[in-house]
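Residue numbers are given in full-length UniProt numbering: position 29 of the sequence shown equals residue 29, and the series is strictly consecutive.
What follows is one structure encoded as structure tokens, with my remarks underneath.
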Amino acid sequence: MKTLFNSRQFHKALAPWIFLPLFISSITGLLYRVSKDLLGYSREQVHWLMSLHEGEWLGDNGELIYVIFNSLGVLWMLVTGFQMFSKTISFTKKVTKGESKG
Numbered sequence: 001m002k003t004l005f006n007s008r009q010f011h012k013a014l015a016p017w018i019f020l021p022l023f024i025s026s027i028t029g030l031l032y033r034v035s036k037d038l039l040g041y042s043r044e045q046v047h048w049l050m051s052l053h054e055g056e057w058l059g060d061n062g063e064l065i066y067v068i069f070n071s072l073g074v075l076w077m078l079v080t081g082f083q084m085f086s087k088t089i090s091f092t093k094k095v096t097k098g099e100s101k102g
């Protein structure tokens, strides 16, 4: 149960910091693709969206850090989320079988 508690705490602590960069990346990526492919804008007209999407506005080093942290953030949330989910499923199975001790 201690692992579940730690996973929940870490997930809860990092979620607000990871949400905004991922939200920006997903929205700007979607808007870029829709604007370019469906609305017919040229690459130059929507390049500012790709600059936001990739973190170009942070400079060369900042862009690299932004992409790495975005990737690590997604992986971290997936791992901790899966841990919490699997512990919940395991606990639910024990409760339905009457094996729970508390």
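Ideal Cβ positions, reconstructed from N, Cα and C, are used throughout, including at glycine.
All values reported here derive from a predicted model rather than from experimental measurement.
Could you check which residue in F23, E44 and V79 has the C-alpha nearest to that of H53?
Nearest to H53 by alpha-carbon distance, out of F23, E44 and V79, is F23.
Suppose the cutoff is 7 Å on Cβ atoms and the five residues either side in sequence are ignored; what does the same chain contact list for E63 look like?
Taken in chain order, the residues that qualify are E54, G55 and E56.
Check for me: the alpha helix (DSSP H) holding W57 runs from which residue to which?
Taken as a continuous stretch (DSSP letters only), W57 belongs to no alpha helix (DSSP H), as it is neither H nor E.
Which residues in the same chain have their Cβ closer than 6 Å to the Cβ of L49, if we skip the five residues on either side of it in sequence?
T28, L31 and Y32
Taking the alpha-carbon of P21 as reference, which of R43, S71 and G59 has the nearest alpha-carbon?
S71
Hey, would you say I18 sits closer than 7 Å to G81, going by beta carbons?
no
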